[in-house]
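Notes for the one structure printed next.
There are 2 protein chains.
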Amino acid sequence: MGSLSFLAFSTIRCSINIDDHEPTKQNMNSIKLKGSSIYSSAKVDVLGLKNGAAMTTSIATSENLYINTQEVRQNIPTKKQLVDTFRQGLIIEEGVGYRQTIVVRSYEVGADKTATLESILNLLQETALNHVWMSGLLGDGFGATHGMMRNNLIWVVSRMHVQVDHYPIWGEIMEIDTWVGASGKNGMRRDWLLRSHATGLVFARATSTWVMMNQQTRRLSKMPDEVRTEISPWFIEKQAIKEDNPEKIDKLDDSARYVNSGLKPKRSDLDMNQHVNNVKYVKWMLEAIPDKFLESHQLSGIILEYRRECGSSDVVQSLCEPFNEGGIIENGLITDGVEQNNKISLLNGYSVSSGITDQGNGLLQSLNPIPSSYTHLLQVKGESKNEEIVRGRTTWKRKIKTMPLHP
Amino acid sequence: MGSLSFLAFSTIRCSINIDDHEPTKQNMNSIKLKGSSIYSSAKVDVLGLKNGAAMTTSIATSENLYINTQEVRQNIPTKKQLVDTFRQGLIIEEGVGYRQTIVVRSYEVGADKTATLESILNLLQETALNHVWMSGLLGDGFGATHGMMRNNLIWVVSRMHVQVDHYPIWGEIMEIDTWVGASGKNGMRRDWLLRSHATGLVFARATSTWVMMNQQTRRLSKMPDEVRTEISPWFIEKQAIKEDNPEKIDKLDDSARYVNSGLKPKRSDLDMNQHVNNVKYVKWMLEAIPDKFLESHQLSGIILEYRRECGSSDVVQSLCEPFNEGGIIENGLITDGVEQNNKISLLNGYSVSSGITDQGNGLLQSLNPIPSSYTHLLQVKGESKNEEIVRGRTTWKRKIKTMPLHP
């Protein structure tokens, strides 16, 4: 039915507005009462639409009321919705998964026209929240259910693992599927699969684990039965990334090769929970990697282990160090691709003299099947000790030169 | 027809995928030939859809080809489209204006759950480009037409004026209309109107002027007849903001009250033209305003006058100074709201002693109908002289406390 409404919506709106660019502006200013403007929207009456989202917000009676009625404006559904035409989302997977169709926007891509990792992370968050939105379980705040709100609980992410095989480009149409499952007794797993709408090619996969925290005490909480009853019917077993033995990330110390200090959150980095946005963490991590490496490499995977919240007054340090995956590559000579020295390097059993470790483009690179990796740490420099915020591992592959659109 | 396709799309996809989470994954990996994976999408065949965007991209024959065929992936239309269901856009205004329906996403809002100015600016860019996309005129790059590409021309913005009356909130549905008009002999005006989809309430209005620049010489260019023939049929007269005498912005100098120096663009700040993104300019401007002011005020208007491109290696300085609008308020005492002194201030003809200039919350504030304003300048510190990038004027009003969702 949502689709039908959209059909009616776009067709009728298209025709009735041809000669009337601002059909509601006149309405809004037509009735003045005690200094405030009373308006009602003729649109909804004309069209008689009944689509769940937004359409019930037909009449507002004063500007102040409009501003104050967030519930009306947001119009969060209190019952499960199967389709949301505005979000281009639908419930799939026998009624428990969510799929959203998304066009990669012009400002979500970098200078190379491919979606940035930050954009992809943002879209993971967006689709997760829209999944909860569609479920009818969304209370106020950042994905908390009604039961969580009654228990003063919020979601906190403890781990996130994203694998990017291909980056979508500007204007490309993606389908993002997301679903949830159990994680231990008190946690929840949330997975995502990002694909090309046209071909089904998998762009990226992601998995994450979430636990509940008491909003007042800031202590982790067991999952109350009330909340389990709400969310467990949505759990399925399927995993986007199989992780039988999830990789553990060592803690870096002050001897890390690259250190960015004095990082301060800006007002615009805070999310609705007044915490530094996850995407900002990733930016801080990546900015610690030398530019020369970033120019020639593309991120293919990132694992984040969250340890502690970061507030608006924290001053953060971003450490990073080339990671010798499997211990095969020594001294970061190859994995780094930035610093060159004259040491002999052992590479997959080949003994290679320094003479051919040219710019990382030559024999060594072609012999090296292992993607480069970095270990990361974000920490708050305390007076007595440092406190970890996130540990991270990034994996990289060499950029493939794409053909220009117009040679 | 686009709407009809969307109807078919969401309904059929919903049903065929219920028991088959990754219908195309099997296809993609089913045929191996010379080490590369050949895949075709069964989706398109099954559904038999003919909708313009993306649907023609039904078959890709190898991963490398897939990566290289940006044209196929972007699928920029070469003919005018009336509806794009993926972008939720349609052509209005007797065939020359564009309207897009957009849900405010979770990551586009700040800590107060309202859309950030940055998000609004991003959406202006997005809808403008989608307008060109729908027109069938879009070549490669950032909104350049085919004729512009043949003449090596790109668009550069010379002026932008945005007025925000109300900030949309997370989950709220907006309609963004955009259209273009002539600006002098060689320029183009682009306007926007952002409204609530549910009530028609105007959130924001914007107008901008654009000129053409030769991509090689970086000099401004006349509009070639070939380009005028392409775009002039889209011109209409209507203006979102009437500007009979556009406000001129004075140039600040080193005596400006607030100065942020040493601002360096990051890789992620560069757009597809390899220039610092406009939104970054605005961030730099706003970050020069004291936090205390920003906490209690909301931006209601911004004017930007662009002077020069900013490249990736420029080191930028952001200057800002309270602006005495109309000369009524002296010394920045009221307009600033941050620094207090003991001077006597003349306010709309009232002579007010310093005793009641308490925290800006008292009598003065309530007597003061004039929003606070700042003048801004971004410049590159050169060795011999400084070079202006953008002049700006921001206008502010006191934040209205909105009721919490759950009191």
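Chains A and B, in that order, give the protein sequences. Each residue of the first sequence is one higher than the last, beginning at 0 in numbering that gives the first Met the number 0. Each residue of the second sequence is one higher than the last, beginning at 0 in numbering that gives the first Met the number 0. Note that beta-carbon positions come from the ideal geometry of N, C-alpha and C, so glycine has one too.
Whole-number beta carbon distance between residue j and residue i, since they are thought to touch under 8 angstroms
i: residue 418 of chain B; j: residue 272 of chain B; result: Not covered by the structure: residue 418 of chain B. The range shown for chain B is 0 to 406.
i: residue 226 of chain B; j: residue 173 of chain B; result: Going by Cβ atoms, the distance from residue 226 of chain B to residue 173 of chain B rounds to 31 angstroms, so no, they are not a contact pair.
i: residue 159 of chain B; j: residue 303 of chain B; result: 4 angstroms
i: residue 247 of chain A; j: residue 376 of chain A; result: Rounded, the Cβ-Cβ distance is 14 angstroms, inconsistent with contact.
i: residue 185 of chain A; j: residue 210 of chain A; result: 6 angstroms
i: residue 286 of chain B; j: residue 259 of chain B; result: 6 angstroms
i: residue 236 of chain B; j: residue 180 of chain B; result: 6 angstroms
i: residue 380 of chain B; j: residue 296 of chain B; result: Not confirmed; about 29 angstroms, so no contact.
i: residue 389 of chain A; j: residue 305 of chain A; result: 5 angstroms
i: residue 88 of chain A; j: residue 121 of chain A; result: Contact doesn't hold; Cβ gap of about 16 angstroms is too wide.
i: residue 230 of chain B; j: residue 115 of chain B; result: The pair is not a contact, with the Cβ atoms about 31 angstroms apart (cut-off 8 angstroms).
Three-state class that DSSP yields for residue i in the structure shown
i: residue 186 of chain A; result: strand
i: residue 391 of chain B; result: strand
i: residue 269 of chain B; result: strand
i: residue 259 of chain A; result: strand
i: residue 285 of chain B; result: helix
i: residue 145 of chain A; result: helix
i: residue 56 of chain B; result: Confidence at residue 56 of chain B is low in this model, with a pLDDT of 36, below 50, so its placement is unreliable and the value that follows should be read with caution. Three-state DSSP puts residue 56 of chain B in coil, outside helix and strand.
i: residue 154 of chain A; result: strand
i: residue 233 of chain B; result: helix
i: residue 396 of chain B; result: strand
i: residue 379 of chain A; result: strand
i: residue 95 of chain A; result: coil
i: residue 166 of chain A; result: coil
i: residue 386 of chain B; result: strand
i: residue 36 of chain B; result: With a pLDDT of 30 at residue 36 of chain B, under the threshold of 50, the modelled position of that residue is not reliable, and the figure given next carries that caveat. Correct three-state label for residue 36 of chain B: strand.
Range covered by the alpha helix (DSSP H) that runs through residue i
i: residue 127 of chain B; result: 116-134
i: residue 230 of chain B; result: 224-230
i: residue 292 of chain B; result: 290-295
i: residue 107 of chain B; result: Run containing residue 107 of chain B: none; DSSP gives neither H nor E here.
i: residue 411 of chain A; result: Here chain A covers residues 0 to 406 and nothing more, so residue 411 of chain A does not appear.
i: residue 73 of chain B; result: 69-73
Per-residue contacts from residue i into chain A (C-beta, under 7 angstroms)
i: residue 152 of chain B; result: By Cβ distance, chain A contributes nothing, its closest Cβ being about 14 angstroms from residue 152 of chain B, past 7 angstroms.
i: residue 85 of chain B; result: 100, 102, 172
i: residue 181 of chain B; result: Simply none; closest approach about 18 angstroms.
i: residue 286 of chain B; result: 265
i: residue 121 of chain B; result: 106
Neighbouring residues, chain B, relative to residue i (Cβ below 7 angstroms)
i: residue 191 of chain A; result: Chain B residues near residue 191 of chain A: none, gap ~12 angstroms exceeds 7 angstroms.
i: residue 105 of chain A; result: 124, 125, 128
i: residue 72 of chain A; result: 168, 171
Where residue i meets chain B, residues with beta-carbon distance less than 8 angstroms
i: residue 312 of chain A; result: Those do not exist, as residue 312 of chain A stays about 11 angstroms from chain B at its closest Cβ, beyond 8 angstroms.
i: residue 117 of chain A; result: 267
i: residue 75 of chain A; result: 170
Range of the contiguous beta strand (DSSP E) that encloses residue i
i: residue 204 of chain A; result: 201-213
Partners in chain B for residue i, counting only beta-carbon separations shorter than 9 angstroms
i: residue 109 of chain A; result: 266, 267, 269, 270, 271
i: residue 282 of chain A; result: 265, 267
Contact set between residue i and chain A, taken where Cβ atoms lie within less than 8 angstroms
i: residue 185 of chain B; result: In chain order: nothing, as chain A lies at least about 25 angstroms away.
i: residue 112 of chain B; result: 69, 271
i: residue 385 of chain B; result: The contacting residues do not exist; residue 385 of chain B stays about 25 angstroms from chain A at best.
- prompt: Just by C-beta distance, which residues in the segment 253-276 of chain B are closer than 7 angstroms to chain A?
  reply: If the cut-off is 7 angstroms between Cβ atoms, the segment 253-276 of chain B has 265, 266, 267, 269, 270, 271, 273 near chain A.
- request: Taking a Cβ distance cut-off of 7 angstroms, strictly less, list which residues of the segment 291-304 of chain A are near chain B, in chain order.
  value: Listed by position along the chain: 293.
field: Residues within the segment 206-219 of chain A neighbouring chain B, beta-carbon criterion of under 8 angstroms
entry: For the segment 206-219 of chain A, which is checked against every Cβ of chain B, not one residue is closer than 8 angstroms.
query: In chain order, what residues of the segment 239-254 of chain B put their CB closer than 9 angstroms to some CB of chain A?
result: Result list empty, no residue passes.
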